[in-house]
Amino acid sequence: MHLPLVFIDGDQGTTGLQIHARLQGRDDLRLLTLPEAERKDPARRSEAINSADIALLCLPDDAAREAVATLRNPAVRVIDASSAHRTAPGWVYGLPELNAEQAERIAKATRVSNPGCYPTGAIALLHPLVKAGLLPADYPLSIHAISGYSGGGRAAVERHERRSDDYLPTLQLYGLELAHKHVPEIQRHAGLSARPVFVPGYGDYRQGIVLSIPLQLRLLPGVSAEQLQACLEQHYQGARHVQVMPLHQHGAAAALDPQALNDSNDLRLALYANPEHGQVLLTAVFDNLGKGASGAAVQNLDLMLAGLR
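So the sequence shown is residues 1 to 309, counted in UniProt numbering.
Structure below.
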């Protein structure tokens, strides 16, 4: 029996290491990684990617484009974990829960772009509501999200976890020029016609994301919190990795813990409403290294492996 050969290009980065760990011990595939001396050898990397059944690219954007350009074997299928191809023609967006047909598209695709961490939560909340007509595509959206410092990659992890006297803030916002590279991805796959404001940040903890999007019901005539809740519940009914929590709109609400789903591939969505003030808060909690990166990549890999059988 032929076991599919899976090549991880960039397996020493944060996402690559996590994918490698998640695939250890699997008996339904063969895992190919390059020894340290060969990782930066263009010829050896090209040979490896062209020998694989499925290649997982855990590289910076430019390096991912270069890796795709070296493909000569038309049978090789690619999952790109960078942001290089998330809005590119010919690439299937790797969010299986996007719609009823997306998992099948991923299973049959030759090119899959793994979603970004923040976009995963934002799109999961927004896409069903826009598609159902409950949220106008030009609604003036603001998206706020805090991730663990591992969202900054290996260098950020080392900076936070080394023992030194360097000052590191407990919380820092970034992307303040309002031109973060995730915005086109969110806009495209959420179905938005107006560019949302997106403000991300890093907290002084390793991993986990809490993302929130406020809505004013006065700008959504005829739409209630109950309708928004029902739409999400219907869209994600039966979804293995997405939890939709009950609507909260009366009494005190528990705080959201960004680390609640760490080391899982789950995504938890919840709506908080204040009927008196006509306001709703859409929220998502998930692991930026799980459903926001390596967990999602392995989920897509499993779909594509099933498509090979």
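For glycine and all other residues, C-beta sits at the position ideal for the given N, C-alpha and C.
Open item on the list: Please report the straight-line C-alpha distance between Ala273 and Ile49, rounded to a whole angstrom.
Closed with: C-alpha separation (whole angstroms): 49 Å.
Task: Cβ-based neighbour list, residue 310, same chain, cut-off 6 Å, excluding 5 preceding and 5 following - done: With the chain represented from 1 up to 309, any question about residue 310 goes unanswered, as that position is not in the structure.
- [ ] Return the CA-CA distance between Ala64 and Arg22, expressed in angstroms with no decimal places.
- [x] Take the alpha-carbon of Ala64 and the one of Arg22: they are about 21 Å apart.
TODO: Tell me, please, whether the stretch 185 to 193 touches the stretch 240 to 248 by the rule of three or more beta-carbon pairs shorter than 8 Å.
DONE: Touching, no, given that fewer than three Cβ pairs across the two stretches are closer than 8 Å.
TODO: On a CA-only basis, which of His2, Gln216, Glu101 and Ala145 is nearest His201? Give me that one, please.
DONE: Reading off the sequence, residue 201 comes out as Gly, not His. Comparing alpha-carbon positions, the option among His2, Gln216, Glu101 and Ala145 lying closest to Gly201 turns out to be Ala145.
Task: Proximity below 8 Å, CB of Gln172 to CB of Tyr205 - done: The Cβ atoms of Gln172 and Tyr205 lie no closer than 8 Å to each other.
Open item on the list: Whole angstroms are fine: how far does the CA of Leu192 sit from the CA of Pro136?
Closed with: About 8 Å.
Open item on the list: Could you tell me the alpha carbon to alpha carbon distance between Val130 and Ala230, rounded to whole angstroms?
Closed with: Answer to the nearest angstrom: the Cα atoms are 14 Å apart.
TODO: Measure the alpha-carbon distance for Glu262 versus Phe286 and round it to whole angstroms.
DONE: One detail in the question is off: residue 262 reads as Asn in this sequence, not Glu. Each residue's Cα considered, the two are about 7 Å apart.
Task: First and last residue of the uninterrupted beta strand (DSSP E) at His144 - done: Note, His144: beta strand (DSSP E), Ser142 to Gly148.
Open item on the list: Considering just the uninterrupted stretch of the beta strand (DSSP E) at Arg111, what are its terminal residues?
Closed with: Per DSSP, Arg111 belongs to the beta strand (DSSP E) from Arg111 to Ser113.
Open item on the list: Here's the rule I'm using: 16 or more other beta-carbon atoms within 10 Å means buried, otherwise exposed. How should Ala107 be labelled?
Closed with: Looking at its Cβ environment, which holds 16 or more other Cβ atoms inside 10 Å, Ala107 is buried.
Open item on the list: On the DSSP letters alone, give me the boundaries of the alpha helix (DSSP H) that Ala252 sits inside.
Closed with: Segment: none, Ala252 is in no alpha helix (DSSP H) and carries neither H nor E.
Task: Secondary structure of Arg22, DSSP reduced to three states - done: Note: Arg22 maps to helix in three-state DSSP.
- [ ] Pick helix, strand or coil for Tyr272, following the three-state DSSP scheme.
- [x] In the three-state reduction of the DSSP assignment, Tyr272 falls in the strand class.
- [ ] Go through its chain and collect everything with a Cβ distance to Cys58's Cβ below 6 Å, but skip five positions before and after it.
- [x] Residues of the same chain with a CB within less than 6 Å of the CB of Cys58, apart from the 5 flanking positions on each side, are Gly10, Gly13, Thr15, Gly16 and Ala81 in chain order.
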